[in-house]
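Have a look at the structure below before the remarks.
2 protein chains.
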Amino acid sequence: MSDATLDVIAIGNAIVDVMAPCADALIEKLDLVRGGMTLVDTARAQELYDAMGPAREISGGSAANTLAGLAALGARCAFIGQVADDQLGEVFAHDIRAGGIDFATAARAGDPPTARCLIFVTPDGQRTMNTFLGASQFLPAAALDETVIASAKVLYLEGYLWDPEEPRAAMRRAIEASRGAGRKVAFTLSDAFVISRHGDDFRALIAAGQIDILFANNTELAALTGEVDFDAGIAALAPKVPVLVVTRGAAGAVAVAGAERAEVAAEPVARVIDTTGAGDLFAAGFLAGHVRGESLTTCLTMGAVAAAEIISHYGARPEAELKALVAARVG
Amino acid sequence: MSDATLDVIAIGNAIVDVMAPCADALIEKLDLVRGGMTLVDTARAQELYDAMGPAREISGGSAANTLAGLAALGARCAFIGQVADDQLGEVFAHDIRAGGIDFATAARAGDPPTARCLIFVTPDGQRTMNTFLGASQFLPAAALDETVIASAKVLYLEGYLWDPEEPRAAMRRAIEASRGAGRKVAFTLSDAFVISRHGDDFRALIAAGQIDILFANNTELAALTGEVDFDAGIAALAPKVPVLVVTRGAAGAVAVAGAERAEVAAEPVARVIDTTGAGDLFAAGFLAGHVRGESLTTCLTMGAVAAAEIISHYGARPEAELKALVAARVG
Numbered sequence: 013m014s015d016a017t018l019d020v021i022a023i024g025n026a027i028v029d030v031m032a033p034c035a036d037a038l039i040e041k042l043d044l045v046r047g048g049m050t051l052v053d054t055a056r057a058q059e060l061y062d063a064m065g066p067a068r069e070i071s072g073g074s075a076a077n078t079l080a081g082l083a084a085l086g087a088r089c090a091f092i093g094q095v096a097d098d099q100l101g102e103v104f105a106h107d108i109r110a111g112g113i114d115f116a117t118a119a120r121a122g123d124p125p126t127a128r129c130l131i132f133v134t135p136d137g138q139r140t141m142n143t144f145l146g147a148s149q150f151l152p153a154a155a156l157d158e159t160v161i162a163s164a165k166v167l168y169l170e171g172y173l174w175d176p177e178e179p180r181a182a183m184r185r186a187i188e189a190s191r192g193a194g195r196k197v198a199f200t201l202s203d204a205f206v207i208s209r210h211g212d213d214f215r216a217l218i219a220a221g222q223i224d225i226l227f228a229n230n231t232e233l234a235a236l237t238g239e240v241d242f243d244a245g246i247a248a249l250a251p252k253v254p255v256l257v258v259t260r261g262a263a264g265a266v267a268v269a270g271a272e273r274a275e276v277a278a279e280p281v282a283r284v285i286d287t288t289g290a291g292d293l294f295a296a297g298f299l300a301g302h303v304r305g306e307s308l309t310t311c312l313t314m315g316a317v318a319a320a321e322i323i324s325h326y327g328a329r330p331e332a333e334l335k336a337l338v339a340a341r342v343g
Numbered sequence: 013m014s015d016a017t018l019d020v021i022a023i024g025n026a027i028v029d030v031m032a033p034c035a036d037a038l039i040e041k042l043d044l045v046r047g048g049m050t051l052v053d054t055a056r057a058q059e060l061y062d063a064m065g066p067a068r069e070i071s072g073g074s075a076a077n078t079l080a081g082l083a084a085l086g087a088r089c090a091f092i093g094q095v096a097d098d099q100l101g102e103v104f105a106h107d108i109r110a111g112g113i114d115f116a117t118a119a120r121a122g123d124p125p126t127a128r129c130l131i132f133v134t135p136d137g138q139r140t141m142n143t144f145l146g147a148s149q150f151l152p153a154a155a156l157d158e159t160v161i162a163s164a165k166v167l168y169l170e171g172y173l174w175d176p177e178e179p180r181a182a183m184r185r186a187i188e189a190s191r192g193a194g195r196k197v198a199f200t201l202s203d204a205f206v207i208s209r210h211g212d213d214f215r216a217l218i219a220a221g222q223i224d225i226l227f228a229n230n231t232e233l234a235a236l237t238g239e240v241d242f243d244a245g246i247a248a249l250a251p252k253v254p255v256l257v258v259t260r261g262a263a264g265a266v267a268v269a270g271a272e273r274a275e276v277a278a279e280p281v282a283r284v285i286d287t288t289g290a291g292d293l294f295a296a297g298f299l300a301g302h303v304r305g306e307s308l309t310t311c312l313t314m315g316a317v318a319a320a321e322i323i324s325h326y327g328a329r330p331e332a333e334l335k336a337l338v339a340a341r342v343g
């Protein structure tokens, strides 16, 4: 195994978030799944956009958000994801590169356009996401550079991207390339709906020992294990992965690595503005600690600090000096 | 003169702002005019975008921002401005309509793309704007519906748009249509560079009695009158327009209407985040008061409240409930 030249390489959806505050009544009127992520087609995306108030566009995508946090914390990162050859694709590419992240996936010509996620943010800061996947679901395995993947300490994959066929095949190849080079594979389960569709795949990957670090929230933990009780879920899943990290919103997070178990409370936040990206940035903080060899507790704390920063403002990309915030908390 | 069905109709640049925080050193390195507005071509826009950090996109445009504030304050508004038939054009059109503003100008096919303004925001909240005008400068006079213009109490024009030839001709026709219907014309001088290029036009419009309400900041006042002293500038210009409104940043604002003079301090702001749109929203608050017949002092106070809201966050479109903020201050 040669020296790693990257800390983390991620494969994920290349999405621009279109975000607007919204009254609780609008969530009901539009029949949205409050707090969830729903895939939408062109017609539904148009209908929802027409109903949305004045918005702002901020680059998003789960794994891309995680990389933005990692890069802000000083990690060397690369991203693989599919944009279209259009203005929103330029926005996504600009923002990820401007964050110091390598991004070499060529834009895809023609329809469909770059993915966008219409996010309605209710007064309590909860985000309700409606994703039009567009070009993102056509990431081909040919877009992978296996040498680059093999050069990263960690390959990070988002469960959301397991749903479309081409990226799923690409991710399977990436796992082979990473593990073949003796690297680690980190995976986030992303959302309960993904588990409902691909839970068998995920359980098979875990059973085959192909996932080294698994991220989930409490809902996803329950969906994957079938255990409603949080501790029972942890007990069922932890023995099957080298590192298990489970977040549970305001109740903090737990990590288990073999015989070691660590737990942290959520970091205090003056006011929750928008929870978009909380899980993504938790993963960023945790992985930033992991690649520099920190203890489980420190990794969790770094995750909690990054998550607290992201929910204190609109958008899922860090705005504050994450590095300084983390340094102030864990040194 | 028939009853007005609109309070304010505005003609302005249809721009999407691309905004990012930036260190003071980058302003120097890129040779930017700190605090100013500079027009840029395609190559320079690309160069600046490449140098910019991760950004967010929020609809902008001076007069369009003013309308967004007016609509938030309950005024009935319409906007005329040129976008291209592209994704940023869709973003602009969505945001202005979602704000409750009529917008009927057809998108322009082909190149150039929709206008964007690359805004670098330094740690003191000062914004440095670099505008790629794109489609915006090709607004044709044919895009005007003179019946609609004649139905608005106030026609509001931004000086920025006086620079390109087609919109200038369109604005001259709009002035005729508005005044022919016995309505009022409001004009903002926008920026000292506009005055350096078109000051003679503006002085001629004023001398011909074609401007009823004139908005300027202290720099523009000096550029238009040649008077360096603030009070001397006011004394020189006020007799020539029915209503003169001059802002001077943190020092507040002055309005003169015939023999009446009013002055307000700036409203307190906990922390200035981004001054983009301060003048635009001041005009919004003032005009909202004007169309409902408020006193000069109340109009100024409404302007100050709206300006204070906009500089407390990123972007030049109001985020808070402006109506409630104004009601709390002036009833």
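Line by line, the protein sequences give chains V and Z. With the numbering used here as the guide, the letters of the first sequence map in order to residues 13 to 343. With the numbering used here as the guide, the letters of the second sequence map in order to residues 13 to 343. The C-beta atom is built at its ideal place from N, Cα and C for all residues, glycine as well. Quantities reported herein were computed from a predicted structural model and do not represent experimental measurements.
By the Cβ criterion, the stretch 141–157 of chain V is in contact with the stretch 17–34 of chain V, since at least three pairs of Cβ atoms, one from each stretch, lie closer than 8 Å. Between Ala90(V) and Ala164(V) a beta carbon distance of about 7 Å is seen, short of the 8 Å cut, so the two are scored as contacting.
The alpha carbon of Thr126(V) has as its nearest neighbour, out of Phe132(V), Phe298(V), Leu151(V) and Asp19(V), the alpha carbon of Leu151(V).
Residues of the same chain with a CB within less than 6 Å of the CB of Glu69(V), apart from the 5 flanking positions on each side, are Val28 and Val30 in chain order. The beta carbon of Pro251(V) does not come within 7 Å of any beta carbon belonging to chain Z, so the residue lies off that interface.
In this structure, Ile161(V) lies near Ser190(V), with their beta-carbon atoms less than 7 Å apart. DSSP lists Val28(V) and Phe144(V) as the beta-bridge partner residues of Arg128(V). By the Cβ criterion, the stretch 35–55 of chain V is not in contact with the stretch 261–280 of chain V, since fewer than three pairs of Cβ atoms, one from each stretch, lie closer than 8 Å.
For Val276(V), the enclosing beta strand (DSSP E) starts and ends at Glu272 to Val276.
At least one C-beta of chain V is nearer than 7 Å to the C-beta of Gly65(Z). Under the 7 Å criterion on CB atoms, Gly211(V) is classed as non-interfacial with respect to chain Z. In its chain, beyond the 5 residues on either side, Asp19, Val20, Ala300 and Val303 have a beta carbon closer than 7 Å to the beta carbon of Ala87(Z). Leu100(V) has a beta carbon lying within less than 7 Å of a beta carbon in chain Z.
Considering only Arg195(V), Leu156(V), Gly72(V) and Asp98(V), the residue with the shortest C-alpha distance to Arg180(V) is Leu156(V). Considering only Phe214(Z), Asp286(Z) and Glu279(Z), the residue with the shortest C-alpha distance to Asp175(Z) is Phe214(Z). Annotation: Cβ neighbours of Glu69(V) in chain Z (cutoff 8 Å, chain order): Arg68, Glu69, Ile70 and Val103.
At the C-beta level, Ala96(V) and Arg120(V) come within 7 Å of one another.
By the beta-carbon neighbour count (other beta carbons within 10 angstroms, threshold 16), Pro330(Z) is buried. Gly291(V) is not a Cβ neighbour of Gly315(V), given a cutoff of 7 Å.
Excluding the 5 residues flanking it on each side, Ala83(V) has same chain C-beta neighbours closer than 8 Å at Cys89, Gly111, Gly112 and Ile113, in chain order. Around the beta carbon of Gly93(Z), a 10 Å sphere encloses 16 or more other beta carbons of the protein chains shown; the residue is thus reported as buried.
Taking the beta carbon of Asp107(V) as reference, the chain Z residues within 7 Å of it are Pro66 and Ala67, listed in sequence order.
Contact between Asp286(V) and Arg139(V) holds, since their C-beta atoms are separated by about 6 Å, short of 8 Å. For Met49(Z), the enclosing beta strand (DSSP E) begins and ends at Met49 to Leu51.
The bridge partners DSSP lists for Asn77(Z) come to none. Within the DSSP bridge table, the entry for Pro33(Z) names Val133(Z) as partners. Chain Z places no beta carbon closer than 7 Å to that of Ala87(V), leaving this residue out of the contacts. For Asp19(V), the enclosing beta strand (DSSP E) covers residues Leu18 to Ile23. DSSP places Lys196(V) in the uninterrupted beta strand (DSSP E) bounded by Lys196 to Thr200. Straight through space, the alpha carbons of Ala320(Z) and Gly245(Z) are spaced by roughly 25 Å. Looking from the CA of Val281(Z), the closest CA among Glu272(Z), Asp241(Z), Ile322(Z) and Leu85(Z) belongs to Ile322(Z). Contact annotation: Ala318(Z) and Leu334(Z) have beta-carbon atoms nearer than 7 Å. Taking every protein chain shown into account, the CB of Pro135(Z) has fewer than 16 other CB atoms within 10 angstroms, so this residue is exposed.
Residue state for Glu170(Z) is assigned as strand, using DSSP reduced to three classes.
In this structure, the CA atom of Leu38(Z) is about 25 Å from the CA atom of Gly72(V). Per DSSP, the unbroken beta strand (DSSP E) holding Glu69(V) starts and ends at Arg68 to Ser71.
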